[in-house]
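> Here it is, the structure in full.
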Amino acid sequence: MKNLLLDGKMLTYEEGQTIMDCALSNGIAIPGLCHLPGLSPSGNCRLCTVKTGGRYVSACTEPAIDGMEVECETMELSQVRMQLLRMLFVEGNHYCPSCEKSGSCRLQEAAYHEGMLDLHFRPFYPKREMDASHPEILLDRDRCIFCALCVRASREIDGKNVFDISGRGIETHLIVNSASGKLLDTDISVEDRAVHVCPVGAILVKGKGFEIPIGRRLYD
Amino acid sequence: MSSVSEEVDLLVGRLGERPLQILVEIQKTFNHVPTEAVEGIARKLGLPVSRVLANIEFYSFLSLEKPGDYVLLMSDNITDWMAGSRSLYSRLCSNLEGIADATKTSCTGMCDQGPAMLVNGIAVTKLDENRIDSIADLVKRHVPLSSWPREYFHVESNIRKSGWLFESGRRKVLEGQALLQELKDSNLRGRGGAGFPTALKWASCREATGEKYVVCNADEGEPGTFKDRVLLTHCAENLLEGMALCANIVGAKRGFLYVRGEYRYLESHLAKMLRKKRSEDFTVELHWGAGAYICGEESALLESIEGKRGIPRVRPPFPVTHGLFGMPTVVDNVETFCAASGIAAGGGKDFRRFGTDESRGTKLLSVSGDCSKPGIYEYPFGVSIEQILADCGADEPIAVQVGGASGACLDASEFGRKIGFEDLPTSGSVMIFGKNRDMKEAALNFSKFFAHESCGFCTPCRVGTSIIEQILESGNGLAEMPDLAGILKASHCGLGQSASRAVMDMLKKFPGHWGLS
C-alpha cells in the first residue's frame, strides 16, 4: 500500500491516482472548481493548488508519489485560494443577489469557505454575450469561469462536441458548436450531462430557477 | 485567385490532418479566414466548427475579418520602443487614417535592426520616419508588396562573433549508438534554457515504444531573441542534419520544423534546404506558427502541430513517451540540433574544450538594445555580462535583461555574473538598457507582453497578468506586486510562473524609477 502525507495525515492511495483522487478516496475535500470525478482532470482553475517539495502543484493533475508530503490547509495556501477566487470574481460579472444559482454555486461556496469578504481587485466588467436562443437551456457567459467541465462532459460523457473554449488570455470565452454560434443550432439536449456540470450559473436549465427556494439550497 | 472552397480542397489534400496549417495558408492567400473556409475545413476534416473557430481566435495572425489588402503589424518589443517605434506607429496610423489599420504585435525577432514590422506577414526592418511615410504612401496607392523597394525587406544577419557552432564541420563522422555515447560524454544540454541533457532525452525516446517523431522548436518568441533567425539562415543544413541524426537514433521517420510565423520570409530558403536534405528514411515537414508566444513551450507546440490551440499539456507524461499525436517525440531547439550535428562532425572532445563544468560548449547570444554593435555573439559558456557589454559597445549601461521578458533583470552590480546553467541560464536574449533609460517603461512593456501572450488556460496567469498590466499602466497598486508574483507561481506552466520575474527585479533594483525609495 502506498502512502502520502496530506497536512500531516497519512493517507493511502492506489498507483495512478492524483493527490486529489487520494484525498477524495480518504473522505477529504480539497477545494476545486474545475474537477469532477469521472471527467479527465484539467488543472485550469488552480484552486486545488497544494504545496509539495517547495513548489505549487494542482492536486487534481499531480500524480501521488509514495511518501510525498503535501500541504493544503495552511495560511499561505488559503491566501493563494483567496486571491484566485477574487480573480475569478473580478474577471467576470458575478452578481450573486440576482443570480438564480445563488446558494447552489460552487464559486460562491468556495468564497464563503475561504472567508472572502471583498473583491480586492478592480472589477473588469467585461462585455459578454448571453445566449437565450435555446428553449430549455440558458447560456449566461457573464458567469463563465472557463473551467471547461461542460466541454469535457459533452465530449467524454455525452459523445458530442457542444462546447469549446476559444480566444486567448483575458479574451478567453466559451463558444458552442454551430455555424450560427447559437446554442439552439447545436445538438445539445437538456438531458446531456454537459448541461448539469456547470459549477456556476453560466449554464442553466430554464424554468427551474426557484424550484428550491433560497435558504434551502445546497450551500445555504 | 482560386475560390475559397477550391483552396480548402487543395490544402486539405496537401496538409491532411493539420488544420492549423490549413488555416495559416488560407490566411496567407485571403488575408483573413472567410466563414466559408471555416465551415469547409470543419466539414472536410470532420471537426466541430467550434474547434476551427477556437483556433482562429487563439492565434494572433489568424483573423475572421477582412482587413483590406494590407495587414500592418508593428513590432512592440521594448527594443522597438527604445528605437522609437511608438511615435512611428502613431505616425503610420495618422498617415493611414480611414484607409488601413495598423496594429501592434509581440517582438518579431528583428531587435538588432528595429524598429520593425510585418506587412502581410513579411518582415520589414530599420523603420524610420521616411520609411514609414513611404510605406503609408505605397499602401495608399495599392502598390503590391512585390513592387515595394527590396531594401525594406532586407534582413541583416549581424554575426559579430562566431565560434565553435558556426565553424563546426558539416561532414558527420559519427551516428547511431556511437553518436549517442559521444553526446553523453560531451554533456550537451538543451539550448532552450532548461538545460535537459540531450543524450538522456534521445535515449529515453529511443527506448519508448510506438511511432516516433523528431520536432525542432524554431518558435523563438522570447522578446529579444533572434539567434534562430540567423541559424535558419546560415546553418539550416546543420540543423536538418541534427534532426536526421536524432531520427536515426530514436527510430523516427517523420519530423517537423516548427518555425514562428514572423520568419515567413525564410520560406523559400527553408523549402530549398528541405528539398536538398530530403531522404527516404526521414522526412521533415515545415510547420508555420501563427503568432503565439506560448507555442514555444514544447507541449503547447505539439498541441499546435496537432491543429489545436496552444495550451500547455499536463506533465507528466513528457513528450519523450507521450508527445506528438501521443507518440514518443524528441523536441529540441534549433541550436541544440545544430550543436548535435557539430558533435557528430567534430566529436564531443572538441565540444568539451569550451564552457564550464556544468555548461559545456558555446552559446549564441542575441544582443540588442543600447549598444553600438547589436547582433549575434557566440561565446563559450561562462562568459561574463561585463565581457559581452564591452564587446558589443555598450556605453555605461544601467541594466541588462538576460533571458527575455521571462528572464532576470541585472543591475550594474551584477555584471560580473556569467552565462551558464549554474548562474544565468538563458535561451540567449540579452537586452541592454543605457544610462538614461526609464525601467518603468521596460516593466510596462513586459507586463503588456505577458497579458497579451497568456494562453488564458489557468486563472492566475489569465487574470494575474492583466492585473499586473493595469497596475504598471496606472502606477497604482505597486505594493500588491510581491503578492501577485507569489500567486502567479501557482500557474499551470512556465509562462505564468515567470511572468512577474523581470518586473519584480526592476521594482527591487530600480525603485527610484517609480519614485519609490
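Which chain is which? The protein sequence lines are G and H, in order.
With my numbering applied, the first sequence corresponds to residues 1047 to 1266, in that order.
With my numbering applied, the second sequence corresponds to residues 156 to 672, in that order.
Idealized CB from N, CA, C, for every residue including glycine.
Counting contacts by CB-CB distance shorter than 8 Å, is P1181(G) in contact with chain H?
Looking up residue 1181(G) in the first sequence gives position 135. Taking Cβ atoms only, chain H never reaches closer than 8 Å to P1181(G), which makes this a no.
> Straight-line CA distance for C616(H) to R1214(G)?
The residue labelled residue 616(H) in the question sits at position 461 within the second sequence. The residue labelled residue 1214(G) in the question sits at position 168 within the first sequence. Those two C-alpha atoms are separated by around 11 Å.
> Helix or strand or just coil, what does DSSP make of A567(H)?
Indexing the second sequence from 1 puts residue 567(H) at position 412. Helix.
> In angstroms with no decimal places, state the Cα-to-Cα distance between M1066(G) and V1136(G).
Walking along the first sequence from the start, residue 1066(G) turns up at place 20. Walking along the first sequence from the start, residue 1136(G) turns up at place 90. Between M1066(G) and V1136(G), the C-alpha separation is close to 27 Å.
> With a CB to CB cut of under 6 Å and the five nearest residues on each side skipped, what residues in its chain are close to A447(H)?
Here residue 447(H) corresponds to residue number 292 of the second sequence, with the count starting at 1. So the list reads Y214 and G465, once near-sequence residues are dropped.
> Whose C-beta lies closer than 7 Å to the C-beta of G223(H) among residues of the same chain, with five residues either side of it excluded?
Counting from one through the second sequence, the residue named residue 223(H) turns up at place 68. For G223(H), where only same-chain residues beyond five positions count, the Cβ hits under 7 Å are A255.
> In chain order, what residues of the same chain have a beta carbon less than 6 Å from the beta carbon of S653(H), not counting five sequence neighbours either side?
Here residue 653(H) refers to the residue found at position 498 when the second sequence is read from its first residue. Around S653(H): S561.
> Taking the alpha helix (DSSP H) that D1204(G) belongs to, which residues open and close that run?
Position 158 of the first sequence, counted from the start, is the residue given in the question as residue 1204(G). From DSSP, D1204(G) is part of no alpha helix (DSSP H); its letter is neither H nor E.
> Does any residue of chain H have a CB that is nearer than 8 Å to the CB of D1210(G)?
Start at 1 with the first residue of the first sequence, and residue 1210(G) comes out as number 164. Yes - at least one Cβ of chain H is within 8 Å of the one on D1210(G).
> Please list, in chain order, the chain G residues whose beta carbon lies closer than 8 Å to that of S609(H).
Numbered from 1 along the second sequence, position 454 holds the residue referred to as residue 609(H). Ordered by position in chain G, the residues that pass the 8 Å Cβ test against S609(H) are R1214, G1215 and I1216.
> Whole angstroms are fine: how far does the CA of G632(H) sit from the CA of V370(H)?
Counted from its first residue, the second sequence places residue 370(H) at position 215. Counted from its first residue, the second sequence places residue 632(H) at position 477. The alpha-carbon atoms of V370(H) and G632(H) are separated by roughly 43 Å.
> Strictly under 8 Å for the Cβ-Cβ distance: is S1224(G) near chain H by that measure?
Residue 1224(G) sits at position 178 when you count from the first residue of the first sequence. Taking Cβ atoms only, chain H reaches closer than 8 Å to S1224(G), which makes this a yes.
> For the alpha helix (DSSP H) containing S1124(G), name the first residue and the last one.
In the first sequence, residue 1124(G) corresponds to position 78, counting from 1. It spans M1121 to E1137 - the alpha helix (DSSP H) in which S1124(G) sits, taken as one unbroken run.
> Identify the continuous beta strand (DSSP E) that holds F411(H) and give its terminal residues.
In the second sequence, counting from the first residue as 1, residue 411(H) sits at position 256. Element bounds for F411(H): A407 to V414.
> Cα separation between T380(H) and G558(H)?
In the second sequence, the residue the question calls residue 380(H) occupies position 225. In the second sequence, the residue the question calls residue 558(H) occupies position 403. Approximately 8 Å, taken between the alpha carbons.
> Decide if M1121(G) is buried, meaning its Cβ has at least 16 other Cβ atoms within 10 Å, or exposed.
Taking the first residue of the first sequence as position 1, residue 1121(G) is located at position 75. Label assigned to M1121(G): exposed.
> Where does V1103(G) sit, in a helix, a strand or coil, going by DSSP?
Stepping through the first sequence from its first residue, residue 1103(G) is reached at position 57. In this structure, V1103(G) counts as strand in the three-state DSSP scheme.
> Which residues in the same chain have their Cβ closer than 7 Å to the Cβ of A1194(G), if we skip the five residues on either side of it in sequence?
Within the first sequence, the letter at position 148 stands for residue 1194(G). C1080, S1088, N1090 and I1211.
> Measure the CB-CB distance between S1179(G) and A1240(G) and report whether it falls below 8 Å.
What you label residue 1179(G) is simply residue 133 of the first sequence in a count that begins at 1. What you label residue 1240(G) is simply residue 194 of the first sequence in a count that begins at 1. No.
> Tell me, please, whether the segment 484-492 of chain H touches the segment 381-390 of chain H by the rule of three or more beta-carbon pairs shorter than 8 Å.
Because the criterion of three Cβ pairs below 8 Å is met, the segment 484-492 of chain H and the segment 381-390 of chain H touch.
> Verify whether the separation of the beta carbon atoms of G239(H) and P270(H) is less than 8 Å.
As a first step, residue 239(H) must be located in the second sequence, where it is residue number 84. As a first step, residue 270(H) must be located in the second sequence, where it is residue number 115. A contact, by the Cβ cut-off of 8 Å.
> If the cut is a Cβ gap below 8 Å, which residues of chain H does M1066(G) touch?
Residue 1066(G) sits at position 20 when you count from the first residue of the first sequence. Those do not exist, as M1066(G) stays about 12 Å from chain H at its closest Cβ, beyond 8 Å.
> On the criterion of 16 or more Cβ atoms from any shown chain inside 10 Å, does M1176(G) qualify as buried, or is it exposed?
As a position in the first sequence, residue 1176(G) is number 130, starting the count at 1. Burial call: exposed.
> Taking C-alpha atoms, which residue in G630(H), M265(H) and S158(H) lies nearest to M586(H)?
Working through the second sequence from its first residue, we reach residue 586(H) at position 431. Here the closest residue by C-alpha is M265(H).
> I want to check one thing, is the minimum distance from the CB of I449(H) to the heavy atoms of the ligand PLP below 7 Å?
Although the ligand PLP was asked about, the structure shown includes no ligands whatsoever.
> Nearest to P1245(G) by CA position, among L1050(G), F1167(G), R1189(G) and L1163(G), is which residue?
Residue 1245(G) sits at position 199 when you count from the first residue of the first sequence. Minimum Cα distance to P1245(G) is reached at R1189(G).
> Indicate the three-state DSSP secondary structure (helix, strand or coil) for Q556(H) in the structure shown.
Within the second sequence, residue 556(H) is the residue found at index 401, counting from 1. Strand.
> Using the C-alpha atoms, what's the distance from D340(H) back to A402(H)?
To locate residue 402(H), count along the second sequence from 1; it is residue 247. To locate residue 340(H), count along the second sequence from 1; it is residue 185. So the alpha carbons of these two residues sit roughly 20 Å apart.
> Thinking L338(H) and A495(H) are a contact (beta carbons under 8 Å), I'd like their distance in whole angstroms, please.
Here residue 338(H) corresponds to residue number 183 of the second sequence, with the count starting at 1. Here residue 495(H) corresponds to residue number 340 of the second sequence, with the count starting at 1. Contact flag correct, Cβ pair sits at about 6 Å.
> Does N488(H) come out as helix, strand or coil in the three-state DSSP assignment?
Position 333 of the second sequence, counting from 1, holds the residue named residue 488(H). Three-state DSSP puts N488(H) in a strand.
> May I ask you to verify whether the segment 244-262 of chain H touches the segment 184-195 of chain H, counting CB pairs closer than 8 Å and requiring at least 3?
No: the two stretches stay apart, fewer than three of their Cβ pairs being nearer than 8 Å.
> Taking the runs of the alpha helix (DSSP H) that are 4 residues or longer, which of them lie wholly in the segment 1147-1178 of chain G?
Runs of the alpha helix (DSSP H) inside the segment 1147-1178 of chain G: 1152-1160.
> Spell out the partners DSSP gives G510(H) in its beta bridges.
In the second sequence, the residue the question calls residue 510(H) occupies position 355. R515(H).
> Is the Cβ-Cβ distance between V658(H) and A606(H) less than 8 Å?
One-based indexing of the second sequence puts residue 658(H) at position 503. One-based indexing of the second sequence puts residue 606(H) at position 451. Cβ distance not < 8 Å, so V658(H) and A606(H) don't count as in contact.
> Nearest CA to the CA of L1051(G): which residue from E1061(G), G1062(G) and A1069(G)?
Locating residue 1051(G) in the first sequence gives position 5, where the first residue counts as 1. Nearest option by C-alpha distance: A1069(G).
> If you measure between the beta carbons of R468(H) and T438(H), is that distance less than 8 Å?
By one-based count along the second sequence, residue 468(H) stands at place 313. By one-based count along the second sequence, residue 438(H) stands at place 283. No.
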